[in-house]
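Chains as they are written, first to last, in my numbering: chain R, 1257 to 1486; chain L, 154 to 247. The beta carbon of each residue, even a glycine, is placed where N, CA and C say it ideally should be. Let me begin by presenting the structure, written as structure tokens, before commenting on it.
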């Protein structure tokens, strides 16, 4: 293609997509690919971020298996299980919100985003109930931690709860950020900004939300289930 | 735009598979399988995570470059775990 032909093709494309296409991209496909790749670069850094904590958990569990078993037994598997289901539901509603944008159904987009936020808040509510039980049962690391309840394993059980609060706390923080982003995204969806041609911001919010779900998919069995059969 | 619209049926199937996976992992945790308990729990978690990443996060329909980014991230984590345990598991003094 001659340079002038390429330029005129580019002009035609930018006329067509002017409101949707940032000036530094050739076309919407390229813009979408860049957004997706950039978001994954961020999510991969999150894998490394959470990965360090998962490694700490694995090393300590390997060192103190009996203490980790006993401490894990103190977690509420029913509430943890319900929360897992709640988060899976919220992942589905998020996927459906993006699908609604892809097929141009604006009301369905907004409705599914609101549902996703409601489910996210439900997760945090259940998490808050669990945390308050841990305070009542003196299972929060600190001066009130009931070391004697775990016999000789006391100090090591406290390490389990430090890791539990660090990991679930960080996970909950990610959910709060996600809900914050969704408030903004839902406003934009309500204004009809997301069309089948361009809905990158919505899609990237979805990637983030699903990633938070993936983290929980590992946290739940590792923290809650490992002490069950003992 | 070349985004792939995933059929509704696939989303529902993935959703149900994730719920069933959660049920199975809870049930399996109550059966004493010794060291296998951890293997079973982690295997189910990996399958569930793959379903979310490939379908809900559209990686299955994304470019090869995206695949490389995603795989590199998780592969790095495996290196981290492998080398750390190569150390901890071979310490004769602790």
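Same chain only: Cβ atoms within 7 Å of residue i, ignoring 5 sequence neighbours per side
| i | result |
| --- | --- |
| residue 1291 of chain R | 1456, 1460 |
| residue 214 of chain L | 157 |
| residue 1434 of chain R | 1376, 1464, 1465, 1468 |
| residue 1414 of chain R | 1397, 1401, 1403 |
| residue 219 of chain L | 212 |
Secondary structure of residue i, DSSP reduced to three states
| i | result |
| --- | --- |
| residue 1453 of chain R | coil |
| residue 186 of chain L | coil |
| residue 245 of chain L | coil |
| residue 1303 of chain R | helix |
| residue 1402 of chain R | coil |
| residue 1469 of chain R | helix |
| residue 1264 of chain R | Residue placement at residue 1264 of chain R is flagged as unreliable, the pLDDT there being 49, under the threshold of 50; the coordinate-derived value follows with that caveat. Reduced to three states, the DSSP call for residue 1264 of chain R is helix. |
| residue 240 of chain L | helix |
| residue 1484 of chain R | coil |
| residue 1309 of chain R | helix |
| residue 1278 of chain R | coil |
| residue 1491 of chain R | This structure cannot settle anything about residue 1491 of chain R, because the visible part of chain R is limited to 1257 through 1486. |
| residue 1459 of chain R | helix |
| residue 1257 of chain R | At residue 1257 of chain R, the pLDDT of 45 sits below 50, so the modelled position is not reliable; the number obtained from the coordinates is stated separately. Three-state DSSP puts residue 1257 of chain R in coil, outside helix and strand. |
| residue 1316 of chain R | helix |
| residue 1361 of chain R | coil |
| residue 1368 of chain R | helix |
| residue 160 of chain L | coil |
| residue 1289 of chain R | helix |
| residue 1386 of chain R | helix |
Exposure label - residue i; buried when at least 16 CB within 10 Å
| i | result |
| --- | --- |
| residue 1447 of chain R | exposed |
| residue 1355 of chain R | buried |
| residue 1420 of chain R | buried |
| residue 1477 of chain R | buried |
| residue 1279 of chain R | exposed |
| residue 1323 of chain R | buried |
| residue 1416 of chain R | buried |
| residue 246 of chain L | exposed |
| residue 1388 of chain R | exposed |
| residue 1480 of chain R | buried |
| residue 1268 of chain R | Only weak support exists for where residue 1268 of chain R lies, its pLDDT of 47 falling under 50; the coordinates are left without a value. |
| residue 165 of chain L | exposed |
| residue 1409 of chain R | buried |
| residue 1262 of chain R | Because residue 1262 of chain R sits at a pLDDT of 49, beneath the cut-off of 50, its placement in the model cannot be relied upon, and the following sentence gives the value as read from the coordinates. Exposed, since its Cβ has fewer than 16 Cβ neighbours within 10 Å. |
| residue 239 of chain L | exposed |
| residue 204 of chain L | buried |
| residue 169 of chain L | exposed |
| residue 186 of chain L | exposed |
| residue 159 of chain L | buried |
| residue 199 of chain L | exposed |
| residue 217 of chain L | exposed |
| residue 1440 of chain R | exposed |
| residue 189 of chain L | exposed |
| residue 1319 of chain R | exposed |
8 Å Cβ cutoff, residue i in contact with chain C
| i | result |
| --- | --- |
| residue 243 of chain L | Of the chains in the structure shown, none is chain C; the protein chains are R and L. |
Residue i: contacting residues in chain L (beta-carbon distance under 7 Å)
| i | result |
| --- | --- |
| residue 1340 of chain R | 175 |
| residue 1311 of chain R | 233, 234, 237 |
| residue 1469 of chain R | 205 |
| residue 1481 of chain R | 178, 179, 182, 194 |
Same chain, Cβ closer than 8 Å to residue i, five either side skipped, listed in chain order
| i | result |
| --- | --- |
| residue 1451 of chain R | 1276, 1357, 1360 |
| residue 1281 of chain R | 1287, 1290 |
| residue 1374 of chain R | none |
| residue 1393 of chain R | 1330, 1402 |
| residue 243 of chain L | none |
| residue 154 of chain L | Legend: pLDDT at residue 154 of chain L = 47, less than 50; position of this residue unreliable, no value from coordinates given. |
Contacts of residue i in chain L (Cβ-Cβ under 8 Å)
| i | result |
| --- | --- |
| residue 1477 of chain R | 178, 182, 194, 195, 197, 198 |
| residue 1344 of chain R | 168, 171, 172, 175 |
Cross-chain neighbours of residue i in chain R, by beta carbon under 7 Å
| i | result |
| --- | --- |
| residue 108 of chain L | Lying outside 154 to 247, the shown extent of chain L, residue 108 of chain L is not represented and no answer is given. |
| residue 201 of chain L | 1473 |
Residues near residue i by beta carbon distance below 6 Å, same chain, minus five either side
| i | result |
| --- | --- |
| residue 1378 of chain R | 1342 |
| residue 233 of chain L | none |
| residue 1430 of chain R | 1468 |
| residue 1482 of chain R | 1328 |
Contact set between residue i and chain R, taken where Cβ atoms lie within less than 8 Å
| i | result |
| --- | --- |
| residue 164 of chain L | 1348, 1351, 1352, 1355 |
Within chain R, the residues that residue i reaches when beta carbons sit closer than 9 Å
| i | result |
| --- | --- |
| residue 225 of chain L | 1300 |
| residue 229 of chain L | 1300, 1303, 1304, 1307 |
Handout entry: Continuous alpha helix (DSSP H) assignments of at least 4 residues falling wholly in the region 1410-1453 of chain R
Key = 1410-1446
query = Quick one: complete alpha helix (DSSP H) runs, 4+ long, within the region 207-240 of chain L?
reply = none
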